[in-house]
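Novice: One line per chain: the protein sequences are V and L, in this order. Under numbering that gives the first Met the number 0, the first residue of the first sequence carries the number 0, and numbering increases by one thereafter. Under numbering that gives the first Met the number 0, the first residue of the second sequence carries the number 0, and numbering increases by one thereafter. Using N, Cα and C, we set each Cβ at its ideal position, and we do this for glycine too.
2 protein chains.
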Amino acid sequence: MPNILKKAIRDIPDFPKEGVIFKDITPLLSDGELFRRAIDIMYKKFKNKEIDKIAAIESRGFIFGSALAYKLGAGLVPIRKKGKLPYKTINADYDLEYGASSVEIHSDAVNKDERVLMVDDLLATGGTMKAASELVEKLGGEIVGLCFLIDLTFLKGIEKLKKYNIYSLMEF
Amino acid sequence: MPNILKKAIRDIPDFPKEGVIFKDITPLLSDGELFRRAIDIMYKKFKNKEIDKIAAIESRGFIFGSALAYKLGAGLVPIRKKGKLPYKTINADYDLEYGASSVEIHSDAVNKDERVLMVDDLLATGGTMKAASELVEKLGGEIVGLCFLIDLTFLKGIEKLKKYNIYSLMEF
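#1: Find the residues of chain L that neighbour F14(V), judging by a C-beta separation of less than 7 Å, and give them in chain order.
#2: Can you check which of these residues, L151(V), Y86(V), K70(V), I89(V), is closest to M41(V) by C-alpha distance?
#3: Which chain V residues sit within Cβ distance under 7 Å of R35(L)?
#4: What residues in the segment 47 to 68 of chain L bring their beta carbon closer than 7 Å to a beta carbon of chain V?
#5: Are the beta-carbon atoms of D119(V) and F34(V) separated by less than 9 Å?
#6: Is the CB of T127(V) under 9 Å away from at least one CB in chain L?
#7: Which runs of the beta strand (DSSP E) spanning at least 3 residues fall entirely within the segment 55 to 93 of chain L, listed in chain order?
#8: For F21(L), which residues in the same chain have their Cβ closer than 6 Å to its Cβ, ignoring the five residues on either side in sequence?
#9: When the cut-off is 9 Å and only beta carbons count, does R114(V) lie next to chain L?
#10: Does A251(L) pass the burial test, meaning 16 or more other C-beta atoms within 10 Å, or should it be called exposed?
#11: Would you kindly work out how many angstroms separate the C-alpha atoms of I8(L) and K80(V), rounded to a whole number?
#12: Less than 8 Å between C-beta atoms, sequence neighbours within five positions excluded: which residues of the same chain meet that for S167(V)?
#13: Under 8 Å by Cβ, that's how I've got V109(L) and V76(L) pegged, so tell me the actual separation to the nearest angstrom.
#14: List the DSSP bridge partners of I11(L).
#15: For K83(V), which residues from the same chain have a beta carbon less than 6 Å from its beta carbon, with the 5 sequence-adjacent residues on both sides left out?
#16: Leaving out the 5 sequence neighbours to the left and right, which residues in its chain are closer than 8 Å to S106(L) when beta-carbon positions are compared?
#17: Where E170(L) and K6(L) are concerned, what is the direct C-alpha to C-alpha distance, given to the nearest angstrom?
#18: Under the DSSP definition of a beta bridge, which residues are partnered with I142(V)?
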């Protein structure tokens, strides 16, 4: 992973609550060259994996999932917070770092045996990604891998996600 | 605008509330070929406009803004609902179709005289886009255009946005 990308991540102390150091990815995003480089690294990792669809988690996951779907020629499946998707959905509850929540997917979003790459910006405790992955599997999708920009390794998210191939561009 | 893209938009009656027909873009997104075609049409429209940054509105705007930023080699600036951005922000309030809300941008997201393309999935009453555009202008950005997948023309959003160049792929 090029160090230049890691340097573009900005620490924000006490966000969203006291004692948490938030990793702000916006300096990386707002630099067109760095953003493109990040997507290209993800693309190279998965271009030969015959990805049919990318399932991206609202809302920062959309940013990486969408550009990657475009580059791979894959479809994009949004996984959203409860009540946001307009059609028939299935949902999964999960605990997250700062409380509890629920994610939803359209029930027609993934077809049986489609090869799906899961994308989010950041792996923290892994709760959101685990719930999202279970939704894709419930619909019959085959999860080819989980792709993150950042892995906060000290939160040990990968322990919840042991059965999957996990790729992250950088670790903190 | 290719009719095939328009056919991929699904009507959802009574969402998010009774009497509203919601335009569901997920069938277009989940088809890799159609999604790529939509982005390519936007790209052709703006590729010679020397776009420095794309300002994309949370959260469906991220989907089109991100892929387009990647293709254009532009930076991506997220415009988000209040309280979501971690760094110093400026915000703007606005009325929207189903209530009132506020959008924020990082105060360092756009530099003076940078050429910015505003992106969202759907133009309804135009309130969100107007507030978002004012934020970019407050930071000194020059708005090259506003780009939407869909214009709900019967809501007359363009009347709020007369000073801008508006492009939409399809109208309903």
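Specialist: If we stick to the structure as given:
#1: P85
#2: K70(V)
#3: Y69, G72
#4: K52, E57, S58, F61, I62, S65, A66, A68
#5: no
#6: It does not; no Cβ of chain L falls within 9 Å.
#7: 74 to 80
#8: Within the same chain, I11, F14 come within 6 Å of F21(L) by CB-CB distance, once the 5 residues on both sides are set aside.
#9: no
#10: Nothing can be reported for residue 251(L), as the shown portion of chain L is limited to 0 through 171.
#11: 21 Å
#12: In chain order, L122, C146, F147, L148, I149, D150 place their CB closer than 8 Å to the CB of S167(V), counting only its own chain and leaving out the 5 sequence neighbours on each side.
#13: 6 Å
#14: F21(L)
#15: none
#16: Y86, K87, T88, I89, L138
#17: 12 Å
#18: V115(V)
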